[in-house]
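Numbering (mature numbering (1 follows the signal peptide of the UniProt record, and there is no 0)), first residue to last: -25 to -1, 1 to 184. Ideal placement from N, C-alpha and C gives every residue a C-beta, glycine not left out. Notes to accompany the following structure.
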């Protein structure tokens, strides 16, 4: 009479146990901070900059979006952290008008794309598909610099308002039509870069966080 080997029995017992242990990790997806892949992140300062990107409606005109999170690790902050400045490298990008007052309460976050937040509008030398170097300054005396992607107002961004975008787009279309009067486009005088069904070539990312 043949007897079953003890090794085979042990393997049969351990296989289900191994599968159960593999599925019981502590890094649950619901426990992780979810940021949209198109943005870049910086967690080096007390204020995290998450999912940063410029939402462009026309060449040289866009809205800075993303999330700011104030980490008061010692629980001793008696005031919110304030965004005191946004600067581009050289004169390539600057705030269009006055920088709105953006305050982030301790251990809280604020979504810059929210309808309840005054938009941060940018102007300068950029177009969809570019990366622009932006430096954020905070009342915590810290500054962080990121290479921020410029994206079109399509897909997941379609419902985010970019104030002044219509006027900038019309101006850009007039300039484009004047420069390319011989172009045989299906929409004469229209810059196809910002059409949602037109693919945008993204350059190689030079350095995300």
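Mapping DSSP to helix, strand and coil, what is residue i?
i: residue 99; result: strand
i: residue 116; result: coil
i: residue 84; result: strand
i: residue 26; result: strand
i: residue 168; result: helix
So the beta strand (DSSP E) residue i belongs to, where does it begin and stop?
i: residue 58; result: 56 to 63
i: residue 38; result: 36 to 45
i: residue 17; result: 15 to 17
i: residue 78; result: 77 to 79
i: residue 72; result: Careful: residue 72 lies outside any beta strand (DSSP E) and carries neither H nor E.
How many angstroms separate the CA atom of residue i from the CA atom of residue j?
i: residue 109; j: residue 25; result: 13 Å
i: residue 37; j: residue 124; result: 11 Å
i: residue 50; j: residue 116; result: 18 Å
i: residue 22; j: residue 79; result: 9 Å
i: residue 118; j: residue 168; result: 33 Å
i: residue 104; j: residue 126; result: 6 Å
i: residue 113; j: residue 120; result: 12 Å
i: residue 171; j: residue 70; result: 25 Å
i: residue 52; j: residue 18; result: 18 Å
i: residue 20; j: residue 122; result: 16 Å
Is residue i near residue j, with beta carbons less than 8 Å apart?
i: residue 42; j: residue 87; result: yes
i: residue 139; j: residue 96; result: yes
i: residue 72; j: residue 107; result: no
i: residue 45; j: residue 83; result: yes
i: residue 101; j: residue 137; result: no
i: residue 81; j: residue 47; result: yes
i: residue 128; j: residue 30; result: yes
Are any of the Cβ atoms in chain B nearer than 8 Å to that of residue i?
i: residue 34; result: This model lacks chain B altogether, as it is built from one protein chain only.
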